[in-house]
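Each remark here refers to the structure printed beneath this line.
Numbering (this note's numbering), first residue to last: 16 to 207.
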């Protein structure tokens with residue numbers, strides 16, 4: 016496999032510059048095409064931040080970044096496919112792409128800024144992976160718990176009885192499998 020020919024431009028770290036990835040609109044099955052631009056963190060909060068696991072570093076795929084091939088893990092490529100919109104560009108901050116992983120000095124500076132990068136994001140998206148092992152069923156069960164608790168918290172304090180709705184064995188197994196995914200074992204989730 017040929018090495019990617021994408022080259023990073025240096026960040027102006029003294030001005031708190033970061034890179035934001037724009038996923039070009041398109042259908043899920045189309046090649047992933049993105050652009051990377053520099054923005055000042057203080058001036059930009061119109062992006063979403065992605066929290067995910069990199070996955071197996073030897074299991075990779077190419078995307079197009081500023082028209083050049085760029086190597087990412089399959090897990091990240093799958094996340095990008097799922098996050099892409101058909102009719103609009105999606106702006107994201109993703110550590111594996113927005114930080115030059117070959118530049119130790121830049122990594123050191125940017126890793127120290129990650130808390131602020133996640134705090135300034137208009138939304139943090141958690142990518143647990145593609146649907147499998149009844150994960151859709153688990154998310155529906157969790158959503159029903161959330162709706163049930165939301166109804167109770169609108170009542171006066173004395174009338175609230177917070178109990179979880181009954182979940183069937185399939186839902187409990189599915190939730191357990193969802194909670195066993197690698198994302199939950201990452202140390203970084205506390206910062207993100």
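We put the CB at the ideal spot given by N, CA and C, even for glycine.
It should be emphasised that the depicted structure is a prediction, and the values quoted were computed from it without experimental measurement.
- Query: What does a CB cutoff of less than 7 Å around residue 16 pick up in its chain, not counting 5 residues either side in sequence?
  - Reply: Residue confidence is low: residue 16 scores 46 on pLDDT, short of 50, so the model does not pin down where it sits. No coordinate-derived value is stated.
- If you drop the 5 nearest sequence neighbours on each side, which residues of the same chain put their C-beta closer than 7 Å to that of residue 114? 121, 122, 125
- Buried or exposed by the 16-neighbour rule on C-beta atoms within 10 Å, applied to residue 104: exposed
- Item | Span of the beta strand (DSSP E) around residue 48 | 48-55
- Query: In chain order, what residues of the same chain have a beta carbon less than 6 Å from the beta carbon of residue 186, not counting five sequence neighbours either side?
  - Reply: 156
- Item | Bridge partner(s) assigned by DSSP for residue 66 | 141
- Which of helix, strand or coil does DSSP assign to residue 37? strand
- Item | Bounding residues of the beta strand (DSSP E) (the contiguous stretch that carries residue 79) | 75-80
- the stretch 52-61 contacting the stretch 88-96, beta-carbon criterion three pairs below 8 Å: no
- Item | Any chain B beta carbon closer than 8 Å to residue 156 | Looking for chain B here will not work: only one protein chain is present.
- Message: Give me, in chain order, the residues of the same chain whose beta-carbon lies closer than 6 Å to that of residue 20; leave out the 5 immediate sequence neighbours on both sides.
- Response: 83
- Reducing DSSP to helix, strand and coil, say where residue 189 ends up. helix
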